[in-house]
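*Asks:* Protein sequences appear in the order of chains A and B.
When you line the first sequence up against my numbering, it's residues 9 to 119, in that order.
When you line the second sequence up against my numbering, it's residues 8 to 119, in that order.
From the three backbone atoms N, C-alpha and C, an ideal C-beta is built for every residue, glycine too.
Before I ask anything, let me first share the structure, which is written out below as structure tokens.
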Amino acid sequence: QKEVEQDPGPLSVPEGAIVSLNCTYSNSAFQYFMWYRQYSRKGPELLMYTYSSGNKEDGRFTAQVDKSSKYISLFIRDSQPSDSATYLCAMTNTNAGKSTFGDGTTLTVKP
Amino acid sequence: GAGVSQSPSNKVTEKGKDVELRCDPISGHTALYWYRQSLGQGLEFLIYFQGNSAPDKSGLPSDRFSAERTGGSVSTLTIQRTQQEDSAVYLCASSFRSDTQYFGPGTRLTVL
Numbered sequence: 009q010k011e012v013e014q015d016p017g018p019l020s021v022p023e024g025a026i027v028s029l030n031c032t033y034s035n036s037a038f039q040y041f042m043w044y045r046q047y048s049r050k051g052p053e054l055l056m057y058t059y060s061s062g063n064k065e066d067g068r069f070t071a072q073v074d075k076s077s078k079y080i081s082l083f084i085r086d087s088q089p090s091d092s093a094t095y096l097c098a099m100t101n102t103n104a105g106k107s108t109f110g111d112g113t114t115l116t117v118k119p
Numbered sequence: 008g009a010g011v012s013q014s015p016s017n018k019v020t021e022k023g024k025d026v027e028l029r030c031d032p033i034s035g036h037t038a039l040y041w042y043r044q045s046l047g048q049g050l051e052f053l054i055y056f057q058g059n060s061a062p063d064k065s066g067l068p069s070d071r072f073s074a075e076r077t078g079g080s081v082s083t084l085t086i087q088r089t090q091q092e093d094s095a096v097y098l099c100a101s102s103f104r105s106d107t108q109y110f111g112p113g114t115r116l117t118v119l
């Protein structure tokens, strides 16, 4: 079983929809949780970063962490065609340098 | 400012040849990471450098893979005697802290 599980999708939604992307994990030592966006043939870019449990909002994006359930989410409001990409969750503990990534969810937002 | 750069952007090689992939991290970033991403897959951790500490090589898939980081900056990932299963995008990332990483555009390696 992988340390981080992410539904690969693909996920297709109409423009303006609310999108929910999720990851579960098994390592309770994880403290930092990140979401990356990766466009086709590009490197991942950091989208959201949260520490421990709670919510963090940035424009149309909200990251949510529930450490008790070992579950994290990324919500995208008013989705746009430009949001079409692969979204990768990642997490790390405070003492390890490397992050563990999910396999990514491919999202398509149709005009 | 300048981001992480990688070269070459594309590399086509024949099975059995050696290849070298280069990564230039963001200036001042002490940590550097190499990942591999196969088609439609997530990121597979390969190796991690942090300052002057011994690198974490736990993700290297075989002894054909090696990496070095000179002067705490530029890094080279070397794959010896390439195999077709080595075909993938090789991504480099750097960070100032160990949590948030900034990725380069990757090197797309094709082994014929």
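Please report the straight-line C-alpha distance between B/Thr20 and B/Gln90, rounded to a whole angstrom.
*Replies:* Between B/Thr20 and B/Gln90, the C-alpha separation is close to 10 Å.
*Asks:* Note down, in chain order, each residue of its chain lying with its Cβ closer than 8 Å to the Cβ of A/Pro52, except the 5 sequence neighbours on either side.
*Replies:* Same-chain partners within the cutoff: Tyr44, Arg45, Gln46, Leu96.
*Asks:* So B/Tyr97 contacts chain A; which residues on that side make the cut at Cβ distance below 8 Å?
*Replies:* Neighbours of B/Tyr97 on chain A: none; closest Cβ ~11 Å, over 8 Å.
*Asks:* Taking CB distances under 8 Å as the criterion, tell me whether A/Tyr57 reaches chain B.
*Replies:* A/Tyr57 counts as touching chain B.
*Asks:* Could you confirm whether any beta carbon from chain A is found closer than 8 Å to the beta carbon of B/Leu50?
*Replies:* Taking Cβ atoms only, chain A reaches closer than 8 Å to B/Leu50, which makes this a yes.
*Asks:* Using a Cβ-Cβ cut-off of 6 Å (strictly less than) and excluding sequence neighbours within five positions of B/His24, which residues of its own chain qualify?
*Replies:* Reading the sequence as shown, one finds Lys at residue 24 of chain B and not His. Taken in chain order, the residues that qualify are Thr89.
*Asks:* Between the Cα of A/Thr58 and those of A/Arg49, A/Glu11, A/Lys75, A/Arg68, spot the shortest distance and give me the residue it belongs to.
*Replies:* Taking only the C-alpha atoms, the option nearest A/Thr58 is A/Lys75.
*Asks:* A/Ala71 to A/Pro18, Cα distance in whole Å?
*Replies:* A/Ala71 and A/Pro18: Cα-Cα distance of roughly 20 Å.
*Asks:* Taking B/Leu84 as the reference, which of B/Gly35, B/Glu92, B/Leu98 has the closest Cα?
*Replies:* If we check each option's Cα against that of B/Leu84, B/Leu98 comes out closest.
*Asks:* Could you tell me which uninterrupted beta strand (DSSP E) segments, each at least 3 residues in length, are contained entirely in the region 68-98 of chain A, listed from first to last along the chain?
*Replies:* 69-74, 79-84, all fully within the region 68-98 of chain A.
*Asks:* Only counting the same chain, and skipping five residues up and downstream in sequence, which positions put a Cβ closer than 7 Å to that of A/Ser20?
*Replies:* So the list reads Thr116, Lys118, once near-sequence residues are dropped.
*Asks:* Return the chain-ordered list of same chain residues with a C-beta closer than 6 Å to the C-beta of A/Phe83, the five sequence neighbours on each side being excluded.
*Replies:* Contacts found: Ser28, Thr70.
*Asks:* Give the DSSP-derived three-state secondary structure of A/Glu65 in the structure shown.
*Replies:* Strand at A/Glu65.
*Asks:* Buried or exposed: A/Arg85, going by 16 or more other Cβ atoms within 10 Å of its Cβ?
*Replies:* A/Arg85 is exposed by the Cβ-count criterion.
*Asks:* Return the CA-CA distance between B/Tyr42 and B/Gly113, expressed in angstroms with no decimal places.
*Replies:* Roughly 9 Å separates the two Cα atoms.
*Asks:* Under 9 Å Cβ-Cβ, which residues of chain A neighbour B/Gly111?
*Replies:* Gly51, listed in chain order.
*Asks:* Comparing alpha-carbon positions, which option in B/Ser12, B/Ala9, B/Val11, B/Leu28 lies nearest B/Lys18?
*Replies:* If we check each option's Cα against that of B/Lys18, B/Leu28 comes out closest.
*Asks:* Residues in the region 69-98 of chain A with C-beta within 7 Å of chain B's C-beta atoms, listed in sequence order?
*Replies:* Under the 7 Å Cβ criterion, the region 69-98 of chain A contributes Leu96.
*Asks:* Check whether chain B comes within 8 Å of A/Leu54, counting only Cβ atoms and requiring the distance to be less than that.
*Replies:* Cβ-Cβ to chain B under 8 Å: yes for A/Leu54.
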